[in-house]
């Protein structure tokens with residue numbers, strides 16, 4: 308990294324991976340046996356090279372805690388989403404905040420929150436969620452997601468209640484590190500297969516305006532689960548740009564927008580993303596060298612395929 312420091316202004320490195328392990332010496336998270344010093348090494352090298360570093364925290368993607376029955380997330384049919392933690396656990400919010408606090412002691416510019424969502428609109432039906440939502444909605448009991456669909460008012464409360472949970476954990480982490488001048492960049496998944504902005508809200512519990520209002524900066528993971536970008540100046544590209552016009556509401560409030568794309572396969576995809584990012588004066592463009600190891604499983608869960 309020191310050799311290329313002159314060509315790199317900023318990088319991101321995973322500090323808590325999707326397996327739930329810390330890649331630095333953490334007092335709170337279990338240490339990765341093989342790569343336990345990965346993030347620490349990157350932080351030291353980035354600091355020496357004068358490169359701005361962002362720490363990536365996988366939030367509710369956590370194989371380690373997902374095996375604990377008290378943290379599992381369920382559909383109303385009792386199906387467990389393996390490897391995911393229910394977002395409605397304040398103890399887990401505190402856990403993530405503690406990790407963020409630890410990371411703020413490294414020379415980092417900010418923290419990127421990945422995996423910050425519910426699985427689908429029919430999650431979560433664990434006992435904690437059922438009991439809490441029953442009180443919120445003023446119901447005697449909640450049986451399944453289909454019963455919520457039968458009442459538009461109750462369904463609206465369901466989506467609103469879940470969105471408050473996601474915004475709540477973002478606020479918890481932001482409040483933990485803001486006095487240290489650490490930026491928090493939540494990732495919001497925008498995908499055609501789930502309905503773009505509406506799908507982010509209905510399926511994932513991600514209210515873009517609410518989340519951006521907490522941190523003043525949001526990363527749009529574009530075509531997160533349908534990883535194909537149309538070429539510039541095609542009808543498909545023009546249609547995509549129309550579906551992103553809601554982002555003007557964010558920039559009009561002087562909030563920052565960055566974009567993410569999991570992994571580019573060719574120059575055409577990069578050019579498409581570059582043009583969109585330039586249109587919104589994006590602060591950053593985030594990508595990975597390759598797709599995450601568990602991407603296929605995540606995609607199938609989020610698209611229900």
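Residue numbers (the working numbering): 308 to 612.
Note that beta-carbon positions come from the ideal geometry of N, C-alpha and C, so glycine has one too.
Span of the alpha helix (DSSP H), counted from its first residue to its last, around residue i
| i | result |
| --- | --- |
| residue 499 | Where residue 499 is concerned, there is no enclosing alpha helix (DSSP H), given that its DSSP letter is neither H nor E. |
| residue 371 | 370-373 |
| residue 435 | 434-444 |
| residue 506 | 503-509 |
| residue 602 | 602-610 |
| residue 549 | 542-550 |
| residue 575 | 574-586 |
| residue 454 | 452-456 |
| residue 556 | 554-559 |
Rounded Cβ spacing between residue i and residue j (contact assumed at less than 8 angstroms)
| i | j | result |
| --- | --- | --- |
| residue 432 | residue 383 | 4 angstroms |
| residue 577 | residue 509 | Incorrect: roughly 30 angstroms between the Cβ atoms, too far for contact. |
| residue 608 | residue 426 | 5 angstroms |
| residue 522 | residue 542 | Not a contact, Cβ separation roughly 35 angstroms. |
| residue 392 | residue 373 | 5 angstroms |
| residue 362 | residue 322 | 4 angstroms |
| residue 579 | residue 538 | 6 angstroms |
| residue 512 | residue 424 | 6 angstroms |
Helix, strand or coil at residue i according to DSSP, with G and I counted as helix
| i | result |
| --- | --- |
| residue 414 | coil |
| residue 483 | helix |
| residue 376 | coil |
| residue 322 | strand |
| residue 492 | strand |
| residue 311 | Residue confidence is low: residue 311 scores 40 on pLDDT, short of 50, so the model does not pin down where it sits. Its coordinate-derived value is still stated next. Reduced to three states, the DSSP call for residue 311 is helix. |
| residue 426 | coil |
| residue 401 | helix |
| residue 536 | coil |
| residue 449 | coil |
| residue 591 | coil |
| residue 571 | coil |
| residue 343 | coil |
| residue 672 | Since the displayed the chain opens at 308 and closes at 612, residue 672 lies outside it and no answer follows. |
| residue 512 | coil |
DSSP bridge partner residues for residue i (one or two, in chain order)
| i | result |
| --- | --- |
| residue 359 | 317 |
| residue 338 | 329 |
| residue 596 | None, per the DSSP bridge assignment. |
| residue 381 | 387 |
| residue 518 | None; residue 518 has no bridge partner. |
| residue 365 | 421 |
Span of the beta strand (DSSP E) around residue i
| i | result |
| --- | --- |
| residue 566 | 563-568 |
| residue 524 | 524-529 |
| residue 391 | 387-392 |
Residue i vs residue j beta-carbon contact at 7 angstroms
| i | j | result |
| --- | --- | --- |
| residue 473 | residue 491 | no |
| residue 260 | residue 330 | Given that the chain is displayed from residue 308 to residue 612, the structure contains no residue 260 and the question cannot be resolved. |
| residue 468 | residue 495 | no |
| residue 327 | residue 369 | yes |
| residue 420 | residue 366 | yes |
| residue 564 | residue 554 | yes |
| residue 452 | residue 434 | no |
| residue 526 | residue 567 | yes |
| residue 470 | residue 408 | no |
| residue 422 | residue 489 | no |
| residue 533 | residue 500 | yes |
| residue 379 | residue 387 | yes |
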